[in-house]
Amino acid sequence: MSDATVTLVDRQDAAQALFRRKRLVSVGGPAIILLYLTYIFFAFDVMGLADRARLDNAMTLIRDTYSYKTHVTRANRTGDLTVAKESERPATYPEGQTPDWVEVAGETVTIDLPKGHSVVFLPEKTAIYRHPEFGDITAKLDPGVVIDLPESQIPDWVSYSGTRLDIRTEAGRMTMTRSKTEVFRYFLGWELFWFTLDSPYHNHSVLEVLFGPQIDPERPNIAGAWQDFWGNPLWHHGKVAWAIAETVLMAFLGTAGAALVALPLAFLAARNFTPFVVVRQLVRRVFDFVRGVDALIFTILLSRAFGPGPLTGALAILLTDSGSLGKLFSEALENVDERQIEGVSSTGAKPLQRYRFGVLPQITPVLLSQVLYYLESNTRSATIIGAITGGGIGLMLTQAIITQKDWEEVSYYIVLIVLMVIFMDWASGMLRRRLIKGKTGAY
Amino acid sequence: MTDTTQGGSPLSATQGSYMAMVRQKRLYSGIAILIFVVLLVSGFHTANARNAGGFLDGLPQIFDFPADVVSEAWDKRADMAGLLWRYLPELIETLNIAAVSTLLGAALGLLLSLLSTRGMAPWPPLIPVFRRVMDVSRALPEIVVALVLIYMLGGGPIPAMCAIALHTAGALGKLYSEVNENADLKPVDGLSSVGSTWTQQMLLGVVPQVAPNYLSYGLLRFEVNIRASAILGFVGAGGIGYELRNSMSWGPGRFDEAAAIFLLLFVTIIVVDNISSVVRNRLSEGARP
């Protein structure tokens, strides 16, 4: 009896100790995390974020991703009028030709904006902004900017100094400086995504291009349209496609090369295939070393020797991943079933044949699945490495962001990158299922 | 008997069809290997042609730069300890970025995975929506988000942290939802029968079952995120990567700094990899019955 009570008391003590420990962990764990996050809050200066954040940058970025603006500009010295989308040269309307919302009558230009707003450029460096509710704002260059408002109070959507007038409404924007008077009208979408203004196919529908009469006398419709689309001087579709191909190529070459390098080395690092401890440890340390050096450092080192480009990126991925894949492969090799190898060697197979028929069929599904997984993940890495070594879509993206001008191109590249990664994800998943199922089905 | 001698026996017919199958299989795998080799070779040719410097021209120079760095670091080896000490705060910043983004990403991934696992999701019709959210956040490379956020929020660790956390949420969310699918739903049923809320069901019924796997995947992700955080620093997001780019752009004369940073980064990655692999092994042994 006393024995039973003793064990009972012991057990109760043990149970209470366990509960105390669990309580400590369930309170202490979150407390430590909270403490750490508080430290980070101050270390990263989250409070200062409000000062550093540039909300106007965010607004430009968001607006540019879904809309573009057409500039109507009058140079105040010469009186020349230009109409251009996003003020890009290939997107400038030819002289004497304007969109239908701009009406030119001698020196008077009437620009219709949405919601009943309009702007009139008059002779003698004068412009009128017609606001349907507020009234007309007249601005004249004489020699600074002089304005005339229907009310004495300047509204908050007009910013005015003696040399510069800036009117921003929900319908558009007008600026006047000594050098030029400019009106922006915003449109939904990406400008001239298919054809630029100088292409004969601009403003023709798909059906007209495919089945209509020949538009350009020099070229057949489909070939000409493809030429103009592919070489679009604003969007560079051809170059972008090459960049995407380069990125995928980097990922493919890096992964496939790494797998080819890692496979033979993995045999040397596996306990059941290499009895020599020294060799095994040496190969394993080599794997650890190349994994530890990391793609970033390899990229920097290799770009010194080979210069920027896709080959450098591919080699950086190859080196890093031969370490990771080598480690995974050698672990897979250590888990192979010895009986199959025995079976093959009982038929008198030589060592190479033993590996080919006893080992490879066992590990192929595992290896393939890991390689395909790495291929997918390396598509992302190749984008990032491309930004460092200067190759592929990563470089185009960083350049577009650094110029801080063409945000519609940035969003175009981002969409393409996401599609590329999702496609590689899908393709590698499909291949993985197909190959591995095929293998197991054959047994 | 006569059948066998005439070669029309079931045995030889079986053998014949077996050999035909073997030949066909060999042909298919031969073609597959051929296509693979052609792709590989032509791929290397294309990459080589589009690279600034050729492979064969660059090969002899491959050790020039490492040799410069090592020799310069060796000449100034007396200062090395001081340099390592100087860059320690930057290394800690890089580690902090990785740690916080792993924590936040794991929390977000946990939530997303619970919302998108059948049997646990509080709103089953929305499961595909949450899955797509995870897909897209996983597909976005960190650098894209980081560069856009740097433009909007200015430099510093926060853009990098947000970018890595977002990617981590997608990546861990997918792994976690696979873990969740294997979890036993009986505790959830039991808890719901006594009238517990969804949060209580998840915290008390699911999380204890899956916590070891979650932790193990989280640690693996932390290893990946250290590398990502170093790379993002290189494009301007603070931490040790940023210092590395600065010391590299100075060129010869400051390579001892680059060597110190290489060393710090290398040692950190090796140490963290090894610690995390020990912890993960222990976790997976503990999880085994």
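Protein chains in written order, with UniProt numbering: chain A, 1 to 443; chain B, 1 to 289.
Don't be surprised by glycine CBs; every beta carbon is placed ideally from N, CA and C.
Model, not experiment: these values are computed from the prediction.
Burial state of residue i (16 or more Cβ within 10 Å)
| i | result |
| --- | --- |
| residue 376 of chain A | buried |
| residue 26 of chain B | exposed |
| residue 131 of chain A | buried |
| residue 15 of chain A | exposed |
| residue 28 of chain A | exposed |
| residue 67 of chain B | exposed |
| residue 14 of chain B | exposed |
| residue 213 of chain B | buried |
| residue 11 of chain A | exposed |
| residue 402 of chain A | exposed |
| residue 7 of chain B | Reliability fails at residue 7 of chain B, whose pLDDT of 49 lies under 50, so the model's placement of it is uncertain and the value that follows must be treated cautiously. Residue 7 of chain B comes out exposed. |
| residue 244 of chain A | buried |
| residue 334 of chain A | exposed |
| residue 24 of chain B | exposed |
| residue 284 of chain B | exposed |
| residue 42 of chain B | exposed |
| residue 218 of chain A | exposed |
| residue 220 of chain A | exposed |
Coil, strand or helix - residue i by DSSP
| i | result |
| --- | --- |
| residue 440 of chain A | Summary for residue 440 of chain A: the model assigns pLDDT 44, below 50, so the residue's position carries little reliability; its value from the coordinates is reported in the next sentence. In this structure, residue 440 of chain A counts as helix in the three-state DSSP scheme. |
| residue 78 of chain A | coil |
| residue 218 of chain A | coil |
| residue 120 of chain B | coil |
| residue 14 of chain A | helix |
| residue 135 of chain A | strand |
| residue 159 of chain A | strand |
| residue 205 of chain A | coil |
| residue 165 of chain A | strand |
| residue 177 of chain A | coil |
| residue 108 of chain A | strand |
| residue 127 of chain B | helix |
| residue 147 of chain A | strand |
| residue 249 of chain B | helix |
| residue 284 of chain A | helix |
| residue 5 of chain B | In this prediction, residue 5 of chain B has a pLDDT of 48, which is less than 50 and means its spatial position is unreliable; what the coordinates show is noted afterwards. Helix, per DSSP. |
| residue 254 of chain B | coil |
Cβ-Cβ distance between residue i and residue j below 8 Å
| i | j | result |
| --- | --- | --- |
| residue 225 of chain B | residue 98 of chain B | yes |
| residue 128 of chain A | residue 167 of chain A | no |
| residue 383 of chain A | residue 247 of chain A | yes |
| residue 87 of chain B | residue 264 of chain B | yes |
| residue 178 of chain A | residue 141 of chain A | yes |
| residue 91 of chain B | residue 270 of chain B | no |
| residue 307 of chain A | residue 251 of chain B | no |
| residue 451 of chain A | residue 184 of chain A | No information on residue 451 of chain A is available, as it lies outside the stretch 1 to 443 that chain A covers here. |
| residue 114 of chain B | residue 19 of chain B | no |
| residue 257 of chain A | residue 318 of chain A | yes |
| residue 353 of chain A | residue 337 of chain A | no |
| residue 58 of chain B | residue 316 of chain A | no |
| residue 291 of chain B | residue 84 of chain B | Any property of residue 291 of chain B remains undetermined from this structure, which presents chain B solely from 1 to 289. |
From the options, residue whose alpha carbon lies closest to that of residue i
| i | options | result |
| --- | --- | --- |
| residue 141 of chain B | B:46, B:261, B:30, B:228 | B:228 |
| residue 394 of chain A | A:187, A:250, A:214 | A:250 |
| residue 374 of chain A | A:428, A:302, A:315 | A:428 |
| residue 66 of chain A | A:433, A:431, A:408, A:432 | A:408 |
| residue 56 of chain A | B:137, B:152, B:262 | B:152 |
| residue 196 of chain A | A:337, A:419, A:93, A:146 | A:93 |
| residue 134 of chain A | A:124, A:146, A:156, A:125 | A:156 |
| residue 276 of chain B | B:217, B:204, B:266, B:55 | B:217 |
| residue 64 of chain A | A:422, A:411, A:380 | A:411 |
| residue 143 of chain A | A:158, A:124, A:159 | A:124 |
contact_flag[the region 68 to 87 of chain B, the region 251 to 259 of chain B] where n(CB pairs < 8 Å) is 3 or more
Segments in contact, yes.
Say whether the region 402 to 422 of chain A touches the region 155 to 162 of chain B, bearing in mind that this needs 3 or more beta-carbon pairs closer than 8 Å, one atom from each stretch.
As far as the Cβ criterion goes, the region 402 to 422 of chain A does not touch the region 155 to 162 of chain B, which means the pair count is below three.
Validate contact between the region 52 to 61 of chain A and the region 71 to 87 of chain A using beta carbons, cut 8 Å, 3 pairs
Between the region 52 to 61 of chain A and the region 71 to 87 of chain A there are fewer than three C-beta pairs closer than 8 Å, too few to call the two in contact.
Three-pair Cβ contact test at 8 Å for the region 312 to 332 of chain A versus the region 231 to 239 of chain A
No: the two stretches stay apart, fewer than three of their Cβ pairs being nearer than 8 Å.
Does the structure place the region 329 to 349 of chain A close enough to the region 357 to 371 of chain A that three or more beta carbon pairs sit under 8 Å?
Inter-segment contact for the region 357 to 371 of chain A and the region 329 to 349 of chain A is present: three or more beta-carbon pairs are separated by less than 8 Å.
With contact counted as at least three CB pairs below 8 Å, one residue from each stretch, are the region 199 to 212 of chain A and the region 336 to 350 of chain A in contact?
Because the criterion of three Cβ pairs below 8 Å is not met, the region 199 to 212 of chain A and the region 336 to 350 of chain A do not touch.
Would you be able to state if there are at least three C-beta pairs under 8 Å between the region 387 to 399 of chain A and the region 232 to 245 of chain B?
Below 8 Å, enough C-beta pairs join the region 232 to 245 of chain B and the region 387 to 399 of chain A to call them touching: three or more.
Does the structure place the region 99 to 118 of chain A close enough to the region 148 to 155 of chain A that three or more beta carbon pairs sit under 8 Å?
Counting C-beta pairs closer than 8 Å gives fewer than three between the region 148 to 155 of chain A and the region 99 to 118 of chain A, which falls short of the contact rule.
Measuring CB atoms only, is the region 92 to 108 of chain B touching the region 161 to 181 of chain B, in the sense that at least three cross pairs come out at less than 8 Å?
The answer is yes - the region 161 to 181 of chain B touches the region 92 to 108 of chain B, with three or more Cβ pairs under 8 Å.
Determine, using beta-carbon pairs with one atom in the region 265 to 273 of chain A and one in the region 282 to 293 of chain A, whether at least three such pairs fall under 8 Å.
With a cut-off of 8 Å on Cβ pairs, the region 265 to 273 of chain A is in contact with the region 282 to 293 of chain A, counting three or more such pairs.
Touch check for the region 130 to 138 of chain B and the region 191 to 210 of chain B: three-plus C-beta pairs under 8 Å?
The region 130 to 138 of chain B is not in contact with the region 191 to 210 of chain B.
Could you tell me whether the region 185 to 196 of chain B touches the region 145 to 159 of chain B, where touching means 3 or more Cβ pairs closer than 8 Å?
At 8 Å Cβ cutoff, the stretches do not touch.
Three Cβ pairs or more, each shorter than 8 Å: is that satisfied between the region 202 to 221 of chain B and the region 167 to 187 of chain B?
A contact exists between the region 202 to 221 of chain B and the region 167 to 187 of chain B.
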